[in-house]
Amino acid sequence: MSLLDELDRVMSLHFFDLRQQGLPDVLVRRSGGNPTTWCDGLVYNSAQTRDEPWHDNLLSFAVRRKFTAYVQYKLETLGCKAFEKPGRPVLDSACCPTVTHKDLSSGHHIWPEIVVLLLEHGADPNQVWGVRETSVWQNAMVVDTPHLRDWAVALQLLVQYGADPNATMDSKNEVGEGEYQAKRTSALRYLRWRTGVLLLHEMFRNAPQTKANFQAEMGKLFELLRSKGARDEEWHRLPDGTFKQTYSEPPTIAPLVPERVAPAAIQPRQNTLKRLKRWLQRLRLIH
945 MSLLDELDRV
955 MSLHFFDLRQ
965 QGLPDVLVRR
975 SGGNPTTWCD
985 GLVYNSAQTR
995 DEPWHDNLLS
1005 FAVRRKFTAY
1015 VQYKLETLGC
1025 KAFEKPGRPV
1035 LDSACCPTVT
1045 HKDLSSGHHI
1055 WPEIVVLLLE
1065 HGADPNQVWG
1075 VRETSVWQNA
1085 MVVDTPHLRD
1095 WAVALQLLVQ
1105 YGADPNATMD
1115 SKNEVGEGEY
1125 QAKRTSALRY
1135 LRWRTGVLLL
1145 HEMFRNAPQT
1155 KANFQAEMGK
1165 LFELLRSKGA
1175 RDEEWHRLPD
1185 GTFKQTYSEP
1195 PTIAPLVPER
1205 VAPAAIQPRQ
1215 NTLKRLKRWL
1225 QRLRLIH
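With the sequence shown counted from 1, adding 944 to any position gets you our numbering.
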């Protein structure tokens, strides 16, 4: 582990020298405008452009790549101080995987064993970050990954360790051709809706057991949320910008199967179905 720390130290010095000389424009652009660490520089060979700086460190990288021994070593050495960094929280790196290299098969995996390790050492699932001011928990609910069972287990862990059961999610309803109405839903209602959408996905067509496993884990999540006092609610945005409650029911654990899948993104920055299908095609899991 000391060798990895020494690597981190040397790479940090080297990156500092590069910053003094001037970083390539493409790196500055893809890293969100102000790369401050050599781990931020790893986005250079990525197809991804960040909206804002993440200020990643070696622990962030280790979390994404499942270097479990190093993650555990740093947490035991630093304790809660391991989470004191600007930009993207370490727990967000674990719960919301991103592809950081052109080798797409190496990314987009959630590791529940890493998530629980961070939570056990004090990581906060309700920590808010970024220009959108969303929490790790809210970000985790909208993440795209083909590893849906692990995603469901990770969400359960977040709730067990204090994620707000009544956090809200902003999304859109299609009300006409190219017309959308902003709405806000409780976490439970959003997850019921998204589960219903995912269960209709073609990736489950020839994988009934995988579908059953995923549905079972989401059922556990709904039960857990209900035990924490989660409400099943929805609000629609009025022309004056306020929200009017349009749905409120006792919590239920059944997936909310939509009548049809709208082409609109469930979040303004993500189109869940299209993005998920695209990644699955690139990973050669579907055709």
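Glycine residues also receive a C-beta, built at the ideal position from the N, C-alpha and C atoms.
Test item: CB-CB of residue i and residue j under 7 Å
| i | j | result |
| --- | --- | --- |
| R1133 | E1161 | no |
| H1129 | M1147 | Checking the displayed sequence, the identity of residue 1129 turns out to be Thr instead of His. Going by C-beta atoms, T1129 is not nearer than 7 Å to M1147. |
| C1040 | A1098 | no |
| P997 | G976 | yes |
| L1241 | Q1082 | Residue 1241 cannot be examined here, being either before or after the span of the chain that is shown, 945 to 1231. |
| D952 | L1002 | yes |
| G1031 | H1065 | no |
| A1096 | A1111 | no |
| G1173 | P1069 | no |
| T1078 | I1054 | no |
| N1157 | R1093 | yes |
Interface flag, residue i vs chain C, CB-CB below 7 Å
| i | result |
| --- | --- |
| P1030 | The displayed structure is made up of one protein chain only, and chain C is not part of it. |
Contact set for residue i: own chain, Cβ-Cβ below 6 Å, skip 5 residues either direction
| i | result |
| --- | --- |
| S1037 | S1004, V1007 and R1008 |
| L1035 | L1062, A1067 and V1080 |
| V1075 | E996 |
| R1181 | A1126 and F1187 |
| E1193 | D1176 |
| L962 | none |
Assigned secondary structure, residue i (DSSP; H/G/I helix, E/B strand, else coil)
| i | result |
| --- | --- |
| Q1100 | helix |
| V970 | helix |
| A1107 | coil |
| D961 | helix |
| G1120 | strand |
| V1060 | helix |
Opposing strand residues paired with residue i [DSSP bridges]
| i | result |
| --- | --- |
| Y1191 | E1178 |
| K1164 | None, per the DSSP bridge assignment. |
| M1113 | T1129 |
Residue i Cβ short of 6 Å to the ligand MG heavy atom set
| i | result |
| --- | --- |
| V1086 | Within the structure as shown, the ligand MG is missing, as the structure has no ligands at all. |
Beta-carbon proximity list for residue i, same chain, < 7 Å, skipping 5 on both sides
| i | result |
| --- | --- |
| V1059 | A1038, C1039, A1098 and L1101 |
| V972 | P979 |
Neighbourhood of residue i by C-beta, 8 Å cutoff - its chain only, sequence neighbours within 5 removed
| i | result |
| --- | --- |
| E950 | none |
>> Within 8 Å, do at least three Cβ pairs link the segment 1010 to 1022 to the segment 972 to 984?
In response: no
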